[in-house]
Structure formats: C-alpha cells, structure tokens
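> Residue numbers (my numbering), protein chains in the order written: chain A, 1 to 221; chain B, 1 to 221.
2 protein chains.
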Amino acid sequence: MMSDGDAGRSGAARPGAGSARRARGRPRSFDRETALEKALLAFWEHGYEATSVSDLTRVMDIGAPSLYAAFGDKRSLFDEVVRVYGARYGSFTDRALAEEPTARAAVARMLREAAAVYTEPGRPHGCLVVHAAANCSNPEVEQSLRERRTANVAAFERRIRDDVAAGVLPADTDAGALARYTGAMIQGMSQQARDGASREELESLAEIAMSVWPHAGTATG
Amino acid sequence: MMSDGDAGRSGAARPGAGSARRARGRPRSFDRETALEKALLAFWEHGYEATSVSDLTRVMDIGAPSLYAAFGDKRSLFDEVVRVYGARYGSFTDRALAEEPTARAAVARMLREAAAVYTEPGRPHGCLVVHAAANCSNPEVEQSLRERRTANVAAFERRIRDDVAAGVLPADTDAGALARYTGAMIQGMSQQARDGASREELESLAEIAMSVWPHAGTATG
DNA sequence: TTTTTTCTGTAACGACCACTAGAAAAATCT
DNA sequence: AGATTTTTCTAGTGGTCGTTACAGAAAAAA
Numbered sequence: 001m002m003s004d005g006d007a008g009r010s011g012a013a014r015p016g017a018g019s020a021r022r023a024r025g026r027p028r029s030f031d032r033e034t035a036l037e038k039a040l041l042a043f044w045e046h047g048y049e050a051t052s053v054s055d056l057t058r059v060m061d062i063g064a065p066s067l068y069a070a071f072g073d074k075r076s077l078f079d080e081v082v083r084v085y086g087a088r089y090g091s092f093t094d095r096a097l098a099e100e101p102t103a104r105a106a107v108a109r110m111l112r113e114a115a116a117v118y119t120e121p122g123r124p125h126g127c128l129v130v131h132a133a134a135n136c137s138n139p140e141v142e143q144s145l146r147e148r149r150t151a152n153v154a155a156f157e158r159r160i161r162d163d164v165a166a167g168v169l170p171a172d173t174d175a176g177a178l179a180r181y182t183g184a185m186i187q188g189m190s191q192q193a194r195d196g197a198s199r200e201e202l203e204s205l206a207e208i209a210m211s212v213w214p215h216a217g218t219a220t221g
Numbered sequence: 001m002m003s004d005g006d007a008g009r010s011g012a013a014r015p016g017a018g019s020a021r022r023a024r025g026r027p028r029s030f031d032r033e034t035a036l037e038k039a040l041l042a043f044w045e046h047g048y049e050a051t052s053v054s055d056l057t058r059v060m061d062i063g064a065p066s067l068y069a070a071f072g073d074k075r076s077l078f079d080e081v082v083r084v085y086g087a088r089y090g091s092f093t094d095r096a097l098a099e100e101p102t103a104r105a106a107v108a109r110m111l112r113e114a115a116a117v118y119t120e121p122g123r124p125h126g127c128l129v130v131h132a133a134a135n136c137s138n139p140e141v142e143q144s145l146r147e148r149r150t151a152n153v154a155a156f157e158r159r160i161r162d163d164v165a166a167g168v169l170p171a172d173t174d175a176g177a178l179a180r181y182t183g184a185m186i187q188g189m190s191q192q193a194r195d196g197a198s199r200e201e202l203e204s205l206a207e208i209a210m211s212v213w214p215h216a217g218t219a220t221g
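Right under this line is the structure:
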C-alpha cells in the first residue's frame, strides 16, 4: 500500500556499528527506534493489557508479522519499552540521587522534576512504571514493574542512610519510613498527574512534602 | 446440579420491605448481597477490566444469565460495587472529616485508618477507587472513579478552608495544595499497600506525612 | 390442575485477543 | 541472470471477551 507519502524505507538501520555494508535480505521498511517510541507512548498512556497488538501495529504503522519479527512477542516488546522508558524518562531520580550533595537536596530535586516530567505537554501524564502494569492479568508483568518501584524506594533508603551515617541527618532518622514516604509521595504525584493536576499544582504539593525534612544548617522555610 | 451442599435457595430475599408475601415466579437460588460482595472483592483485587464476566460468575457461583438478570450488565454491576465499597470500606474519610474537631485531626485519623484499611488481612490491599479503573479501555468507567477521587480532594480542601476561616489554621495556608498533598499521600499509601507495605510501615509513613501540618496549640511531635 | 411468572442451565452469538503459516516482494551474493 | 536471505502482506488460527436466545424448572395465581 505505502499510502503515507515516502515515510517508508527511510531508516533501514545499519546491521552493525561502524559497518556500512547492508544486511543480507530485504531491508526493514520502518525505523525500529521510531516504532519503539510509538509503542512506548501507547503503553505509557493505556498500560500493558489495555494496549492490544492491534493498537500497537496501528500506532507503529507496521504489520503484525513485522512487529513480531522485530520485537518478539507483546511481552518482550513491553520489556524493551520499560528499559527505554527508564533510561529516557525515568532516570531523573537516579541522577538526582547521584548528583546532589545530600539526600534532602536529591529528593527535593526529584520531586520538583517529577512535577515537570509527569505533566509534560504532548506526552502521557504520570509514570509508566507506576501505572502501566496496574490490574494486569499477567502476574509476571505486574511483578516486573513492582520490582522497579521497590528498587527505587530501596535506593532512596540507601541514600538517606548515607546521610545519617555522615551526620547530615539526625541519628534517630527512620530511613526506611522516610524512603517509603518519598516513594509514596512520588507515586501519589503520578496519580494526581493522571487525574489532571498541573505542573504548578504538583510543585506546590512537592514543596509541602519537603517540609517534613530536617533542614541541614540552612533555614529555607 | 446443586452440588455444593444446601447452599442454594437459602436467601430468597423478600420482594418488598415488610411484606412477607413471596415474589411471583421462581425464586432466586442465591443471596444477592453475598454474590455482590464476592463481585466486590474480585473487582477490588483485579480491577474492572481484568475481572471477566467468567471470573465473576465463578466467584459469585451463579450462571451468567442469573448475573445479568440480577445486576444488569458488567458495567452496572461495577457501579453498584463501587457504591457498596464507598459505603462499607471507603467511608472512613468522610467520617473523619465530619467527626474530628479540626482538619489536622481529621487527616491524621484518615491516614491512620487508611494504614489499617489498606492492609486488612484477608482482603485486597489498597483502595478500589484508586486502582480498579486504572488502564481501563472504557473511559466512562475510568472517569467515574476519577470523579470520586477529585471529590474527595475537594472535600479535604473545604474542611481545610473552614479551619483557615475559623483561625485554626494560619491565614496564608494554601488549602488547595494541602488538600492535594493529602490526596496524593493517601493514594501513595494505597500504592505502597499494593506493593506489599505492612500496616506498621504505612503508619510510620503517615506519621511523617502529618509533620507538615502546623500544630494547633498542642505539641505532638 | 392449569396457567402465569420468574429464574436457571446450556449453548451459543459476533467481536476481539495474541499470534503465525504461507506466499510474494525486495534486497544481497554468486 | 539466478540463488539466497529477510521482510512484507494476506489471511487466517484457536481462545476469550461480554452478552443473550431458548427451553426447562420452580414458584405463585387461577
């Protein structure tokens, strides 16, 4: 058919890094990364189960056999989507934890950036990791995202413990509870974003959330 | 078949309140309220879409035609389930708002009771209103629960405004942001409960969440 | 008893689900 | 050119979805 202009055969990804020689057989008519990003947006908006393979082939603009040849089955496509999402849209938490000098500053930055990321115009609102496997009949899919969420909370807890050990936070700080509080806050912000809260609303919400932290030296509210 | 003991024909609800005369035709072989509660638990655990009519007829132990005759279609059964859930399991927020003397006390009680309700043994964890319509292909179902969530946040906000007007809370309190913060906290606690957090963990989380509130006179933390 | 009314079990309906067999098409290799 | 390899399109597969037609069963009404 090829009815949509000259969108076809534009990509034809290289077979290997650095090699300019083409692959052997008929080349792919679509760009794999572009199609993957379309799948990512669909899964992000509607979740794993509510996004049918038929939906996917429509938004990716490819036939079902092409999808299965390029990405495996629906499950492995979703797994790849989750990896790409984590690297492209979900890495702000890891960056904040790694780059900010204190746990408090890291969480403050995380919540501020979450307010922006979860309400970015032109993209699904909220966090794919929080929502995309909710009410999923496949327990493995649900578990895979649950593990990512608990891993995030565990990373918060480690960062808080570091600050307690360094004397930046009080010695009697309940690191586990504070980490879970932070995780619940982010997940609650994601839910609020899905329910229509604006970036500014989430930012003022985040500011309130930060007031539970002891202020290390400075007096900022 | 009637293979499960004498469980059948036990209920046969009265046709009208006070009237002892039986209904006209063949009496129902199951207790409507019992079956409705089973449907409630199924929808609570797996959500609207992931709970198939086949799942429902199995857990309610009735045939599909009986389900449709007694409850209408799947959608209207879910609507009734949501109403019953709100009255039986979700009313603790309204009670706290109505019975506690201040917004702060009401929210403190709400979060404390949420920690218990969302982790009650033998029941699905978390809140049906938060989770059961996530990733739902039917936008009306998703919207109906979204409206309940936003109505709850609006009720928080009204209660907070009352305290601001009464001088119980500072005049510069951002009632909307504090209400959304509370809603996000409850929703985050529900998500944490789904992810396996215990009642005690949610309680210490709630205690942290309450520390953002100005303390009206008393010194409790 | 016969009629009327309502419920119950069987057994399907069309629509969609994730997935794939098979043939034609488009490239490289010989 | 012809052979080989890979992708594409068409057209399905069996299974499950929500829902219902139909006939028999169980009660009250006549």
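All C-beta atoms, glycine included, are put in the ideal place defined by N, C-alpha and C.
Flag this pair as touching only if the region 95-105 of chain A and the region 38-57 of chain A have three or more C-beta atom pairs under 8 angstroms; answer yes or no.
No contact exists between the region 95-105 of chain A and the region 38-57 of chain A.
> Any C-beta of chain B sitting closer than 9 angstroms to the C-beta of S144 of chain A?
Position 144 of the first sequence, counting from 1, holds the residue named residue 144 of chain A. No, because no Cβ of chain B sits closer than 9 angstroms to the Cβ of S144 of chain A.
> I need the straight-line Cα distance from A70 of chain B to R32 of chain B, nearest angstrom please.
Translated into the one-based positions of the second sequence, residue 70 of chain B becomes position 70. Translated into the one-based positions of the second sequence, residue 32 of chain B becomes position 32. Those two C-alpha atoms are separated by around 8 angstroms.
> What are the uninterrupted segments assigned as alpha helix (DSSP H) that are 4 or more residues long and contained completely in the region 167-196 of chain A, given in chain order?
Qualifying alpha helix (DSSP H) stretches, in chain order: 175-194.
> Here's the rule I'm using: 16 or more other beta-carbon atoms within 10 Å means buried, otherwise exposed. How should Q191 of chain A be labelled?
The residue labelled residue 191 of chain A in the question sits at position 191 within the first sequence. The residue is buried, with at least 16 neighbouring Cβ atoms inside 10 Å.
> Might you give, ordered along the chain, the residues of its own chain that have their beta carbon closer than 7 angstroms to the beta carbon of A64 of chain B, omitting 5 neighbours on each side?
The count along the second sequence starts at 1 and reaches residue 64 of chain B at position 64. Counting only Cβ-Cβ distances below 7 angstroms, and skipping sequence neighbours, we find V53, T57.
> Any Cβ of chain B within less than 9 angstroms of the Cβ of G47 of chain A?
The residue given as residue 47 of chain A occupies position 47 in the first sequence. Judged by the 9 angstroms Cβ criterion, G47 of chain A is in contact with chain B.
> In chain order, what residues of the same chain have a beta carbon less than 8 angstroms from the beta carbon of P170 of chain A, not counting five sequence neighbours either side?
Within the first sequence, numbered from 1, the residue matching residue 170 of chain A stands at position 170. Excluding positions up to five away in sequence, the list reads V164, P214.
> Consider the Cβ of G86 of chain A: report whether some Cβ of chain B lies at a distance smaller than 9 angstroms.
Mapped onto the first sequence, residue 86 of chain A falls at position 86. Answer no: the Cβ-Cβ gap between G86 of chain A and chain B never drops below 9 angstroms.
> Is H131 of chain B close to chain A, meaning its C-beta is less than 9 angstroms from at least one C-beta of that chain?
Looking up residue 131 of chain B in the second sequence gives position 131. Output row for H131 of chain B: interface = yes.
> Is the CB of G122 of chain A under 9 angstroms away from at least one CB in chain B?
Taking the first residue of the first sequence as 1, we reach residue 122 of chain A at position 122. For G122 of chain A, the answer is no, since every Cβ of chain B falls outside 9 angstroms of its Cβ.
> Measure the alpha-carbon distance for R109 of chain A versus F92 of chain A and round it to whole angstroms.
Translated into the one-based positions of the first sequence, residue 109 of chain A becomes position 109. Translated into the one-based positions of the first sequence, residue 92 of chain A becomes position 92. Their Cα atoms are separated by approximately 9 angstroms.
> With a threshold of 8 angstroms on Cβ separation, who are the neighbours of S137 of chain A within its own chain once the five nearest residues in sequence on each side are excluded?
Stepping through the first sequence from its first residue, residue 137 of chain A is reached at position 137. Contacts found: E49.
> Kindly say whether G25 of chain B, judged by its beta-carbon, lies nearer than 9 angstroms to any beta-carbon of chain A.
The sequence position of residue 25 of chain B within the second sequence is 25, counting from 1. By this cut-off, G25 of chain B is not an interface position.
> For a quick check, are the C-beta atoms of R75 of chain B and H131 of chain B less than 9 angstroms apart?
One-based indexing of the second sequence puts residue 75 of chain B at position 75. One-based indexing of the second sequence puts residue 131 of chain B at position 131. Cβ atoms of R75 of chain B and H131 of chain B: not closer than 9 angstroms.
> Assuming L202 of chain B contacts M189 of chain B under a Cβ cut-off of 8 angstroms, what Cβ separation, rounded to an integer in Å, is found between them?
The sequence position of residue 202 of chain B within the second sequence is 202, counting from 1. The sequence position of residue 189 of chain B within the second sequence is 189, counting from 1. Yes, they are in contact, since the Cβ atoms of L202 of chain B and M189 of chain B sit about 5 angstroms apart, within 8 angstroms.
> May I ask you to report which of helix, strand or coil DSSP gives R22 of chain B?
Position 22 of the second sequence holds residue 22 of chain B. Coil at R22 of chain B, not helix or strand.
> Can you name the residues of chain B whose CB is closer than 8 angstroms to the CB of A50 of chain A?
One-based indexing of the first sequence puts residue 50 of chain A at position 50. What A50 of chain A touches in chain B: E49, N135, C136, S137.
> At least one CB of chain A closer than 9 angstroms to the CB of S211 of chain B: is that the case?
As a first step, residue 211 of chain B must be located in the second sequence, where it is residue number 211. Cβ-Cβ to chain A under 9 angstroms: yes for S211 of chain B.
> By DSSP, does W213 of chain A sit in helix, in strand, or in coil?
Start at 1 with the first residue of the first sequence, and residue 213 of chain A comes out as number 213. Reduced to three states, the DSSP call for W213 of chain A is coil.
> Determine whether the beta carbon atoms of L41 of chain B and V59 of chain B lie at a separation below 9 angstroms.
Position 41 of the second sequence holds residue 41 of chain B. Position 59 of the second sequence holds residue 59 of chain B. Yes. Within cutoff.
> Quick one: is T150 of chain B near chain A, going by C-beta distance under 9 angstroms?
On the second sequence, residue 150 of chain B is found 150 positions in, with the first residue counted as 1. Chain A, which has a Cβ nearer than 9 angstroms to the Cβ of T150 of chain B, makes this yes.
> For T150 of chain A, does the three-state DSSP call read helix, strand or coil?
The count along the first sequence starts at 1 and reaches residue 150 of chain A at position 150. Helix, per DSSP.
> Once the 5 residues before and after M210 of chain A are set aside, which same chain residues still bring their CB inside 6 angstroms of it?
Along the first sequence, read from residue 1 onward, the residue named residue 210 of chain A stands at position 210. Counting only Cβ-Cβ distances below 6 angstroms, and skipping sequence neighbours, we find A108.
> Where do the N-terminal and C-terminal ends of the alpha helix (DSSP H) with R75 of chain B fall, by residue?
Stepping through the second sequence from its first residue, residue 75 of chain B is reached at position 75. It spans 74-88 - the alpha helix (DSSP H) in which R75 of chain B sits, taken as one unbroken run.
> Find the residues of chain B that neighbour G188 of chain A, judging by a C-beta separation of less than 7 angstroms, and give them in chain order.
Working through the first sequence from its first residue, we reach residue 188 of chain A at position 188. Under the 7 angstroms cutoff, chain B gives A184, M185, Q187, G188.
> Mind checking which residues open and close the alpha helix (DSSP H) that includes T57 of chain A?
In the first sequence, the residue the question calls residue 57 of chain A occupies position 57. First-last of the alpha helix (DSSP H) with T57 of chain A: 53-60.
> Check whether the Cβ atoms of D162 of chain B and A105 of chain B sit closer than 9 angstroms, and answer yes or no.
As a first step, residue 162 of chain B is located in the second sequence; it is residue number 162 there, counting from the start. As a first step, residue 105 of chain B is located in the second sequence; it is residue number 105 there, counting from the start. Result no, Cβ atoms of D162 of chain B and A105 of chain B do not sit closer than 9 angstroms.
> Which whole-angstrom value describes the C-beta separation of A157 of chain B and A133 of chain B, a residue pair presumed to lie in contact below a C-beta threshold of 8 angstroms?
Within the second sequence, the letter at position 157 stands for residue 157 of chain B. Within the second sequence, the letter at position 133 stands for residue 133 of chain B. In the sequence as presented, Ala is not what sits at residue 157 of chain B; that position holds Glu. Contact doesn't hold; Cβ gap of about 23 angstroms is too wide.
> Classify F43 of chain A as helix, strand or coil using the three-state DSSP reduction.
Walking along the first sequence from the start, residue 43 of chain A turns up at place 43. Residue state, collapsed to three classes: helix.
> Provide the residue span of the alpha helix (DSSP H) that contains F92 of chain A, from first to last.
Start at 1 with the first residue of the first sequence, and residue 92 of chain A comes out as number 92. First-last of the alpha helix (DSSP H) with F92 of chain A: 92-99.
> Please list the residues of the region 154-165 of chain B that have a C-beta atom closer than 7 angstroms to any C-beta atom in chain A, keeping them in chain order.
Result list empty, no residue passes.
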